[in-house]
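Written out below as structure tokens is the structure these notes cover.
Structural data, given as structure tokens:
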């Protein structure tokens, strides 16, 4: 897999499809290799996304794309007090309620959506990011990222509301805590 290059994980066979982009954060170059952590993250996401109803019965209605964002930063350790800012979010090792903080300001939210929109077929197929859903998959073992502290900013760009949900995919419990 290559940085900035999307892959089609699921293609809708009914209608134009509901677009979901899995956007990776904190994935390094070695994670993008075949059978690496990026591929594992995609497989885990897909396993849980379509394991339950109503998604299971409506799989043919979804376009799922995955596009990694190469990030050479490290996530802050729990209770470290450190802060790391990426183009898409700010991560804080706060330990607040035994979770680490994740937030996105308006510019980071717009950057995530723009990146997902421009690096997948959504731009050519739909011409708008109005109905796009973005999941920010974190390359971390810390399940506690994003479970309590998640971002829900509304951006009035093109009259659409956007929310970016951090998904700590490799942590204890994995996606079972999300779905």
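Residue numbers (my numbering): 2 to 180.
No residue lacks a Cβ here, since even glycine has one placed at the ideal position from N, Cα and C.
Here the structure is a predicted model, which means the values were calculated and not measured.
Asked	Found
Applying the 10 Å Cβ sphere with the 16-neighbour rule, what's the burial state of residue 18?	buried
So, with DSSP's three-state summary, where would you put residue 123?	helix
With burial defined as no fewer than 16 other Cβ atoms inside 10 Å of the residue's Cβ, what is the status of residue 9: buried or exposed?	exposed
May I have the straight-line CA-CA distance separating residue 86 from residue 25, to the nearest angstrom?	14 Å
Could you name the residues that DSSP lists as bridge partners for residue 10?	Answer is none; residue 10 lacks a bridge partner.
Could you check what DSSP says for residue 67 in three-state terms: helix, strand or coil?	strand
Buried or exposed, going by whether 16 or more other CB atoms sit within 10 Å of the CB of residue 57?	exposed
At which residues does the alpha helix (DSSP H) containing residue 84 begin and terminate?	No alpha helix (DSSP H) holds residue 84; the beta strand (DSSP E) holding it covers 84 to 86.
Give every residue of the same chain whose Cβ lies closer than 6 Å to the Cβ of residue 14, excluding the five residues on either side of it in the sequence, and list them in chain order.	61
Determine, using beta-carbon pairs with one atom in the stretch 25 to 42 and one in the stretch 63 to 79, whether at least three such pairs fall under 8 Å.	yes
By alpha-carbon positions, which one of 53, 54, 55 and 21 ends up nearest to residue 43?	21
Give me, in chain order, the residues of the same chain whose beta-carbon lies closer than 8 Å to that of residue 75; leave out the 5 immediate sequence neighbours on both sides.	27 and 85
Around the C-beta of residue 106, are 16 or more other C-beta atoms found within 10 angstroms, so that it is buried, or is it exposed?	exposed
With DSSP collapsed to three states, give me the class of residue 4.	coil
Helix, strand or coil: which one does DSSP assign to residue 46?	helix
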